[in-house]
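Single-structure report; data block below.
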Amino acid sequence: MFGAFASVARKLIPARFRPIGYLENLVRERTDGRIWSGPFTGMRWTPEGRARSQPGTSQSSPLHNARVHIPKLLGTYERELNPYIEQACALDFPLIVDLGAAEGYYAVGMAFRNPQARVIAFEMQATERSALAEAARLNAVTDRLEIRGKCEPEDLECVLADIPRPFIICDAEGYEAMLIDPSAVPSLRRASILVELHEFIEKGISKKIRERFVTTHKITHIWQQERTPAEFPFKDFYTYWLPKSYLRWAVSESRPELMSWFWMEPIHATA
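Quick note: to get this note's numbering, add 178 to the position in the sequence shown (first position is 1).
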C-alpha cells in the first residue's frame, strides 16, 4: 500500500520538490557550482561530474548522481582524507598520478591546488574521462593535466621512472592489488601514496599492501568516519522539517561497508 502511494507521489510531485531533488538544487544554488569547503574550496564542480557506481547501484539513476554530486560540492566527500591532501599539497610534488580518476575530483583538485605539478589521470571508462576533461577545462588546468585510459603496472612504472618524488592517489576498485606493488612497479618505493582499500572486493588486500611497504614506508591507516546532519551547512524552512536522515544522506557517500585508506610516506623522506 505504502509502495503504491510513494510511486504515485513521485509521479505527481516534481523532482525539485522531493527531498533529494530539493537538497541537490539547494546545494547547487548556494555553492554556485563551486566546492564549498575542504582542500579544493573554490574549485568549479558540476552535475556532469559523476563517480562510478557502487555494486547494486546504477550510474544513470538520479539517486546515485545526487549521492556523488552533493558531498563533493559540499566538500564533505572523503573528508577523512582532508589533512593528508593538505599535507600533500604542502610538499610541492612535481608529479601527481591519479589511478582510477573517475570524473576528476582528485585529479583536477590537485592540479587546481598545485600549480607546480604535472598531473596524470588514469581512468578506463570513456564517460568518466569525458567528465574529467570538462572539469579540467572549467578549472583551467588542461595544460597540466594529462588524461589516459587503463593503467597497468608497466604504464605506472614508465611515468614514475625518472621522477624523484612522485605522489600517487589510488582508487582502483580492487585493482590496487596489481598496481600498488613495488615488485611490479619499483619506483613506488620512493613515492608517497594514498590508496583506498577495497576489502569488500578482495579480502586481505590491506594486509597484503602493508606487508609490501612496511620496510620502505611509514604507513598510517585512515578509517571512514560517521557523518552527521549537523555537517549539512545550508538550513532553511524546508530542511528544518526534513527528517534528519536526509541531511545525513546529503553529506555521506553511502559506502557498501566501512572503508579505509593507507597514507604511505617513504621512510627516507620522513626520517
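Yeah, the Cβ is synthetic: ideal placement off N, Cα and C, and Gly gets one too.
For residue i and residue j, which I take to be in contact (beta-carbon distance under 8 Å), what is that distance rounded to the nearest angstrom?
i, j, result
"Asp276", "Phe300", "7 Å"
"Ile271", "Ala295", "Residue identity differs from the one stated: residue 271 is Phe in this sequence, not Ile. The pair is a contact, with the Cβ atoms about 6 Å apart (cut-off 8 Å)."
"Gln402", "Leu375", "Contact flag wrong, Cβ pair sits at about 11 Å."
"Ser508", "Ser438", "Since the first residue of the chain shown is 179 and the last is 449, residue 508 is not available in this structure."
"Thr394", "Arg433", "Thr394 to Arg433, Cβ: 29 Å. No contact."
"Ile358", "Ile341", "In fact, because the Cβ distance is near 16 Å, the residues do not count as touching under 8 Å."
"Cys329", "Arg291", "Contact doesn't hold; Cβ gap of about 22 Å is too wide."
Count the other CB atoms, across all protein chains shown, that sit within 10 Å of the CB of residue i; report buried if there are 16 or more and exposed otherwise.
i, result
"Arg222", "buried"
"Glu443", "buried"
"Val123", "Nothing about residue 123 can be read from this structure; the chain reaches only from 179 to 449."
"Asp349", "buried"
"Ala313", "buried"
"Trp441", "buried"
"His399", "exposed"
"His247", "buried"
"Gly220", "exposed"
"Ala408", "exposed"
"Tyr283", "buried"
"Arg257", "buried"
"Ala304", "exposed"
"Gly382", "exposed"
"Glu332", "exposed"
Return the chain-ordered list of same chain residues with a C-beta closer than 7 Å to the C-beta of residue i, the five sequence neighbours on each side being excluded.
i, result
"Ser239", "Low confidence applies here, because Ser239 scores a pLDDT of 48, under 50, leaving its location unreliable; read the following figure in that light. Answer for Ser239: no residue qualifies."
"Arg208", "Phe412"
"Phe183", "Model confidence at Phe183 stands at a pLDDT of 40, short of 50, so the residue's coordinates are unreliable; what they give is reported in the following sentence. Hits under 7 Å: none found."
"Ala339", "Ser365"
"Ile397", "Arg388, Phe391, Phe440 and Met442"
"Asn260", "Gly216 and Pro217"
"Ala279", "Ala285, Ala299, Phe300, Glu301 and Leu310"
"Glu377", "Ile383 and Ser384"
Between which residues of its own chain and residue i is the CB-CB distance below 6 Å, once the five residues before and five after are set aside?
i, result
"Arg405", "Arg426, Val429 and Ser430"
"Glu354", "Cys348 and Val373"
"Gly227", "Confidence at Gly227 is low in this model, with a pLDDT of 48, below 50, so its placement is unreliable and no value can be given for it."
"Arg307", "Glu301 and Ile325"
"Val205", "Ile248 and Leu251"
"Ile346", "Val275, Ala369 and Ile371"
"Tyr424", "Pro197"
"Leu273", "Arg296, Ile341 and Pro344"
Please confirm whether residue i and residue j have their CB atoms less than 7 Å apart.
i, j, result
"Asn317", "Val286", "yes"
"Leu420", "Pro249", "no"
"Ile263", "Pro293", "no"
"Ile325", "Gly352", "no"
"Ala311", "Pro344", "no"
"Gly327", "Met356", "no"
"Val363", "Leu323", "no"
Which same chain residues end up closer than 8 Å to residue i when comparing Cβ atoms and leaving out the 5 residues on each side of it in sequence?
i, result
"Ser215", "Leu252, Gly253, Thr254 and Pro411"
"Val319", "Val286, Ala289, Phe290 and Val297"
"Thr224", "Gly211, Glu312, Ala313 and Leu316"
"Pro360", "Leu366, Arg367, Arg390, Phe391 and Thr394"
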